[in-house]
Amino acid sequence: EETRQLKLENNKKNEDISKLLNDNSILKEQLLKQQREIDYSNSHQCKKKKKIQQILLVELENLKREITLKNEEIKKIQTEIQTKDKIILEKDNTVKRIQSDNDASKKGKDETKPNAAPQTKQRQNVQKKAKKKSSLFPASWDSDNEPKTNNKKSSLFSASWDSDNEPKTNNKKKRDVTDSPPSTGWGSGLF
9 EETRQLKLEN
19 NKKNEDISKL
29 LNDNSILKEQ
39 LLKQQREIDY
49 SNSHQCKKKK
59 KIQQILLVEL
69 ENLKREITLK
79 NEEIKKIQTE
89 IQTKDKIILE
99 KDNTVKRIQS
109 DNDASKKGKD
119 ETKPNAAPQT
129 KQRQNVQKKA
139 KKKSSLFPAS
149 WDSDNEPKTN
159 NKKSSLFSAS
169 WDSDNEPKTN
179 NKKKRDVTDS
189 PPSTGWGSGL
199 F
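When we follow the numbering used here, the leftmost residue of the sequence shown carries the number 9, and every step to the right adds one.
Encoded structure:
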C-alpha cells in the first residue's frame, strides 16, 4: 500500500512537472515573440531615423543651394552698385571740370576788365584835357582872325571902350579922378 501511495504521488509530481514545462515553453514563446517585436521596433526606428536623416540632408542641400543663389544675387547687386557708383563719379568729375572751366573763363574775363578800364580812363583823361584846352578859348573867331565873344558882356572887361581908346563905365557912379585924366580937354584935372 505504501508503494502504491508513493507512485501516485510521483505521478502527480510528474504531472506538475509536465505542466510547468508546458508553462515554461509558453513563456519561452512569449519571450521570443516579445524579442521579435523589440527587434522589429528597433529596425523600424532605425529606418525612420534614416528617413529623417535623408529628409534633413535634402533640406540642407536645398538651403545650401538657396544660399548660393542669394550670394550670386548679392554679387550681381554689388556689381550694379559699383557700376552706378562709377557713373556717378564720372558725372561728378564732369560737373567739377565744367565748373572749373567756367570759373577759369570768368576769372580770365575779370582779369581782362582792369586792362580795358585804364584805356577807357585814359581816353576820358584825354577828353578832359581837350575840354580844358577848349575852355581856355571860349571865344569864337571871326573872318578877321579876331576873337569875338558869345556873351554880351566880357567877363574880363566890364567896361566898354569909346572912340578915344578910353574906357567908359556902364555904371552911373563917377569915375575916380586918380584912375586916368579926363578925356575932355579941360585942363590938367583937379590937381
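Just so it is clear, CB atoms sit at the ideal spot from N, CA and C, and this is done for glycine as well.
Nearest-angstrom Cα separation, counted from residue 61 out to residue 42
28 angstroms
If you count every other CB in all the chains shown that lies within 10 Å of the CB of residue 13, and 16 or more means buried, which is it?
exposed
Do residue 102 and the ligand SAH come close, with the Cβ less than 7 angstroms from some heavy atom?
With respect to the ligand SAH, the structure shown offers nothing to examine, as it has no ligands at all.
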